[in-house]
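Structure, as structure tokens:
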Amino acid sequence: PVIAMKPDALIMADPGLIMMVRERWPEVDIHLSVQANTTNYASVRFWQSVGVKRIILSRELSLDEVAEIRDACPDMELEVFVHGALCIAYSGRCLLSGYFNHRDPNQGTCTNSCRWDYKLHEAADNAAGDVQACGATPIGNPKDAGAVGTATRSTLDTVQGLALGGGPRHIGGSKVWLLEEGTRPGELMPIEEDEHGTYILNSKDLRAIEHVQRLVEIGVDSLKIEGRTKSPYYVARAAQGYRRAIDDAVAGRPFDTRLLGELEGLASRGYTDGFYQRHSTPEHQNYLRAHSESGRSLLVGEMVGFDAARGLAEVEVKNGFGVGDRLEFVQPGGNHELRLDRLITADGSAIDRVPGSGRRVWLPLPPAADPSQPCFIARFL
1 PVIAMKPDAL IMADPGLIMM VRERWPEVDI HLSVQANTTN YASVRFWQSV GVKRIILSRE
61 LSLDEVAEIR DACPDMELEV FVHGALCIAY SGRCLLSGYF NHRDPNQGTC TNSCRWDYKL
121 HEAADNAAGD VQACGATPIG NPKDAGAVGT ATRSTLDTVQ GLALGGGPRH IGGSKVWLLE
181 EGTRPGELMP IEEDEHGTYI LNSKDLRAIE HVQRLVEIGV DSLKIEGRTK SPYYVARAAQ
241 GYRRAIDDAV AGRPFDTRLL GELEGLASRG YTDGFYQRHS TPEHQNYLRA HSESGRSLLV
301 GEMVGFDAAR GLAEVEVKNG FGVGDRLEFV QPGGNHELRL DRLITADGSA IDRVPGSGRR
361 VWLPLPPAAD PSQPCFIARF L
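Have a look at this one:
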């Protein structure tokens with residue numbers, strides 16, 4: 001059925017399935033998934049020899065390593081991730097989601113178990129070598145910072161502030177601990193610290209827009225935005241920003257730092273440029289929250305129609321907004337702002353505010369907006 005839909009390519013990782021597709025449908029292009037963890041030019045040459053058209057390189061590569069692969073494999077299409085969630089393990093190889101929920105990241109169903117709340121219980125080995133809890137009081141849970149028996153604000157600052165080589169990364173090194181996931185009380189999992197510590201799991205999100213110019217110079221063929229579990233609005237805004245960065249790089253214009261601010265407006269867990277500069281510091285991870293937040297704007301609606309007679313856009317509401325709000329209308333041809341002065345219901349009544357999703361309202365478009373183009377509407381916070 002998928003082949004009948006005539007896709008541009010199939011993204012695949014399993015060698016056996018790739019062989020079967022090449023034998024049965026040799027006309028179909030195959031793009032090698034990031035989950036194949038291609039990290040060197042020898043691997044790229046191997047996949048090229050079996051007919052793969054494009055390689056999606058591993059997120060764990062630096063810019064210099066991407067350049068080395070390009071120099072060694074000038075005829076292979078290369079694609080790299082530039083934005084979105086980062087795996088805490090090698091891309092697609094984490095087993096946490098499969099262990100907890102039987103949902104495999106390699107099947108596109110990762111539940112982001114690395115971002116859940118975990119409590120840490122002090123433990124010790126008994127004479128038989130089994131790990132046993134020393135007490136019932138949890139040692140650390142950033143969610144409850146400051147509470148009795150939990151990590152304090154100063155403890156969190158100490159853990160987050162120590163750079164590599166600046167001392168132990170975690171309090172109580174060289175110990176055995178028991179990890180408890182927040183929704184599974186009593187199910188304790190032993191973890192051990194070595195001389196390097198036990199690493200907290202929650203990565204910040206990747207944002208590499210400042211490296212687009214270098215990636216264009218290297219000769220990367222495609223930049224990939226990770227949009228799994230993200231809204232169409234998120235994908236549209238991110239793609240819009242990276243499109244501008246690509247156009248600037250191709251035209252020889254310097255990087256526009258305003259693009260950083262525009263991406264800050266998207267919900268995120270904080271940003272890092274990942275491994276592109278081959279550095280690893282506490283700033284790579286978010287120790288305090290696992291969910292995405294935005295302090296700049298909030299998606300409030302999507303235009304689903306336009307009443308030319310009244311000059312009003314029909315909007316499907318996603319979140320509450322009202323008269324007096326400053327709105328941004330996001331379209332492929334450009335974004336436009338408007339201070340909302342009226343809001344109309346289906347029966348023609350004027351209202352001051354629409355409380356939330358599940359409703360449709362009519363409102364004016366900015367004069368420069370194109371009613372024939374798709375449009376997302378965001379409210380500035």
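Each residue of the sequence shown is one higher than the one before, counting from 1 in our numbering. Just so you know, even glycine gets a beta-carbon here, dropped at the ideal spot from N, CA and C.
- In the DSSP assignment, T272 forms a beta bridge with L206.
- Residue burial is scored here from C-beta neighbours: P105 has at least 16 other C-beta atoms within 10 angstroms and is therefore classed as buried.
- Assigned with DSSP and collapsed to three states, W177 falls in strand.
- The three-state secondary structure of H31, taken from DSSP, is strand.
- One Cα belongs to G324, the other to A378, and the distance between them is close to 14 Å.
- Shortest Cα-Cα distance from L381 to any of E226, Q373, I30 and E328 involves E328.
- Annotated three-state conformation of Q277 is coil, per DSSP.
- G322 is bridged by DSSP to R353.
- If one requires a minimum length of 3 residues, no beta strand (DSSP E) run lies completely within the segment 96-122.
- For the options T39, D14 and I3, the alpha carbon positioned closest to that of R24 is the one of I3.
- If the five residues before and after G305 are omitted, its C-beta is found closer than 7 Å to the C-beta atoms of E314, all from its own chain and listed in chain order.
- Counting along the chain, L259 sits inside the alpha helix (DSSP H) bounded by residues R258 to E264.
- Spanning the alpha carbons of V52 and V28 requires a straight line of approximately 10 Å.
- From the listed residues P374, G358 and R359, the smallest Cα separation to L365 is found for P374.
- Taking 8 Å as the upper bound for CB-CB distance, F81 and V34 are in contact here, some 7 Å apart.
- Distance from the CA atom of E187 to the CA atom of A9, rounded to whole angstroms, is 43 Å.
- In the structure shown, I88 adopts coil according to DSSP, grouped into three states.
- Secondary structure at Q240: helix, using DSSP grouped into helix, strand and coil.
- Following the DSSP letters along the chain, one finds G182 in no beta strand (DSSP E), marked with neither H nor E.
- Annotation for R379: the continuous beta strand (DSSP E) segment containing it runs F376 to F380.
- Taking all protein chains in view, the Cβ of Q277 is surrounded by fewer than 16 other Cβ atoms within 10 Å, so the residue is classified as exposed.
- In the DSSP assignment, S222 falls outside any alpha helix (DSSP H) and within the unbroken beta strand (DSSP E) covering S222 to I225.
- Between V131 and L178, the CB-CB gap stays under 8 Å.
- Selection D14, R244 and A251 evaluated against L260 yields R244 as nearest (Cα-Cα).
- Residues of the same chain with a CB within less than 8 Å of the CB of V21, apart from the 5 flanking positions on each side, are L10, M12, V28 and I30 in chain order.
- DSSP places A308 in no beta strand (DSSP E); its state is neither H nor E.
- Annotation for G334: the continuous beta strand (DSSP E) segment containing it runs G334 to R339.
- Rounded to the nearest angstrom, the gap between the Cα atoms of D117 and T38 is 32 Å.
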